[in-house]
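Inspection log for the structure reproduced underneath, given as structure tokens.
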């Protein structure tokens, strides 16, 4: 059995403008055959925000660069590069760039793994 | 005679009102400021210390996994009874910023060093362990109770903060290993 390493150059992937900042998928079925997991890079400018939807998935939000806030249960928490939060299937969060700043966010989403029957 | 009776009535009325006022005060002997984790918090005869608080998305292992409705919050605390008689530690409560409250869970399955629900504590004795909550991920205030007369409880509150940022690097943790330019003052 041979294994190959696939290199994905995230800098060359096209960015898509959305109502919640610019985004580009860096981990999906088309890029590497990932059937469940979806990885996205997202850039938010000052005044922009992104709400990670509560879609029954496990999600990870990691702040790769910049300065902003993450809102949980209606309360804002200031965050800087290196901050992150795991969201369970029923949880949601909104990340917002600070005034005059921008943020680069890595967003990973995957469905719950079914448990083996006892 | 009438004047004397009026004076007596006025005196009795004042005494009655003063008594009501004092009784009202005695029901609210709670601290007003919030304490921080790690501080010693004196509530009646009990001294609490909240050592740490940890969020978990599940408890247990293998087929014994236990999942929360929201998120598990484990609070590690120690309680010392400084009074002269036995006391019991009631169930604790989390208070959210928007007024929501979450009662401590009474099922400790999957919790290491679970404090239990029957928490009698003798004079000079210290109990240490973890209590469990199921609540949405955010910051809270933990309401502590004195364990005395349930009709007249005394409370104190400890902040349970939520920090989403990566831990700050540790500096000067070992004497003599300070890096140049990072001398503590």
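Protein chains in written order, with my numbering: chain C, 1 to 118; chain Y, 1 to 185.
We put the CB at the ideal spot given by N, CA and C, even for glycine.
Counting only C-beta atoms, is residue i closer than 8 Å to chain C at any point?
i              : result
residue 134(Y) : no
residue 96(Y)  : yes
residue 53(Y)  : no
residue 162(Y) : yes
residue 155(Y) : no
residue 47(Y)  : no
In chain order, what residues of the same chain have a beta carbon less than 8 Å from the beta carbon of residue i, not counting five sequence neighbours either side?
i              : result
residue 10(C)  : 24, 26 and 41
residue 109(Y) : 59, 60, 64 and 66
residue 8(C)   : 26, 27, 31 and 32
residue 43(C)  : 15, 21, 22, 23, 102, 103, 104 and 105
residue 90(C)  : 54 and 56
residue 93(Y)  : 101, 102, 103, 104, 142 and 143
Given residue i, which residues of its chain have a CB within under 7 Å of its CB, disregarding the five upstream and five downstream residues?
i              : result
residue 119(Y) : 88, 89 and 127
residue 126(C) : The question about residue 126(C) has no answer, for chain C in this structure spans 1 to 118.
residue 68(Y)  : 134
residue 79(C)  : 63, 68, 69 and 70
residue 52(C)  : 59, 61, 87, 92, 93 and 107
residue 138(Y) : 96 and 162
residue 115(Y) : 127, 129, 130 and 131
residue 29(C)  : 35
residue 136(Y) : 70 and 71
Who are the neighbours of residue i on chain C, taking C-beta pairs under 9 Å?
i              : result
residue 138(Y) : 72, 73, 74, 75 and 77
Under 8 Å Cβ-Cβ, which residues of chain Y neighbour residue i?
i             : result
residue 91(C) : 70, 71, 136 and 137
residue 86(C) : 57
Which residues does DSSP pair with residue i in a beta bridge?
i              : result
residue 22(C)  : 17(C) and 43(C)
residue 66(C)  : 103(C)
residue 72(C)  : 75(C)
residue 72(Y)  : 56(Y) and 134(Y)
residue 84(C)  : 62(C)
residue 93(C)  : 52(C)
residue 159(Y) : 141(Y)
residue 34(Y)  : 157(Y)
residue 108(C) : 39(C) and 60(C)
residue 113(C) : For residue 113(C), which the question treats as bridged, DSSP gives no partner whatsoever.
residue 50(Y)  : 77(Y)
residue 43(Y)  : 46(Y)
residue 27(C)  : 39(C)
In its own chain, which residues sit with a C-beta less than 6 Å from the C-beta of residue i, not counting the 5 before and 5 after it?
i              : result
residue 86(C)  : 60
residue 14(C)  : none
residue 43(Y)  : 144, 146, 154 and 156
residue 108(C) : 39 and 60
residue 83(C)  : 63
residue 75(Y)  : 53 and 131
residue 49(C)  : 94 and 96
residue 49(Y)  : 40 and 78
residue 6(C)   : 32
Residues of chain C with a CB under 7 Å from the CB of residue i: which are they?
i              : result
residue 165(Y) : 79, 80, 82 and 83
Is there a Cβ from chain Y that is less than 8 Å from the Cβ of residue i?
i             : result
residue 98(C) : no
Let me see if you follow: with CB-CB separation under 8 Å, is residue i close to chain A or not?
i              : result
residue 110(C) : Although the question refers to chain A, the structure presented lacks it and instead comprises the protein chains C and Y.
* Could you tell me which uninterrupted beta strand (DSSP E) segments, each at least 3 residues in length, are contained entirely in the stretch 77-154 of chain Y, listed from first to last along the chain? => 93-95, 101-103, 126-134 and 140-145
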